[in-house]
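These notes concern the structure reproduced below.
Residue numbers (the working numbering): 45 to 168.
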């Protein structure tokens with residue numbers, strides 16, 4: 045299931061990039077192409093800001109994971125239910141790592157889209 049989420053994220057980003065590429069290349073008039081490129085750049089900037097904010101969020105989650113592991117050590121010496129807690133911490137760590145990888149994938153495609161838009165604006 046995790047693999048499918050990565051494939052889905054890749055395909056949606058690739059489809060968005062393909063739509064931007066074809067729409068910019070099939071615009072005949074320069075003003076229309078420039079307006080479309082600027083609108084896509086604004087959208088890409090908003091998504092990049094959201095992705096960078098997600099990195100800040102993932103950093104905070106990582107700090108919480110470390111604190112939970114530190115506090116969990118004294119509890120593990122005899123009380124019940126520690127395997128469930130360990131599983132929760134492991135699941136959160138895996139989800140955080142997967143989210144970071146997806147964010148890197150988003151940033152890569154956004155950078156490619158920005159390059160496409162800049163190239164479309166520069167050519168007349």
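Beta carbons are placed, not taken as given, at the ideal position from N, Cα and C, and that holds for glycine.
In angstroms with no decimal places, state the Cα-to-Cα distance between residue 110 and residue 135. If you take the alpha carbons of residue 110 and residue 135, they lie about 14 angstroms apart.
Cα separation between residue 57 and residue 70? Rounded to the nearest angstrom, the two C-alpha atoms are 20 angstroms apart.
So, for residue 85: in the same chain, excluding its five sequence neighbours on each side, which residues have a beta-carbon less than 7 angstroms away from its beta-carbon? Counting only Cβ-Cβ distances below 7 angstroms, and skipping sequence neighbours, we find 158, 161.
Between the Cα of residue 50 and the Cα atoms of 150, 163, 165, 156, which residue gives the shortest distance? Per the Cα distances, 150.
Excluding the 5 residues flanking residue 98 on each side, which residues of the same chain have their C-beta closer than 6 angstroms to its C-beta? For residue 98, same chain residues with a beta-carbon under 6 angstroms away, outside a window of 5 residues either side, are 147 in chain order.
Quick one: Cα of residue 101 to Cα of residue 72, how far? Going from the Cα of residue 101 to the Cα of residue 72 covers about 42 angstroms.
Which residues bound the alpha helix (DSSP H) around residue 58? Here the alpha helix (DSSP H) through residue 58 covers 46-69.
What separation, rounded to the nearest whole angstrom, lies between the Cα atoms of residue 155 and residue 77? Using only the alpha carbons, I get a separation of about 19 angstroms.
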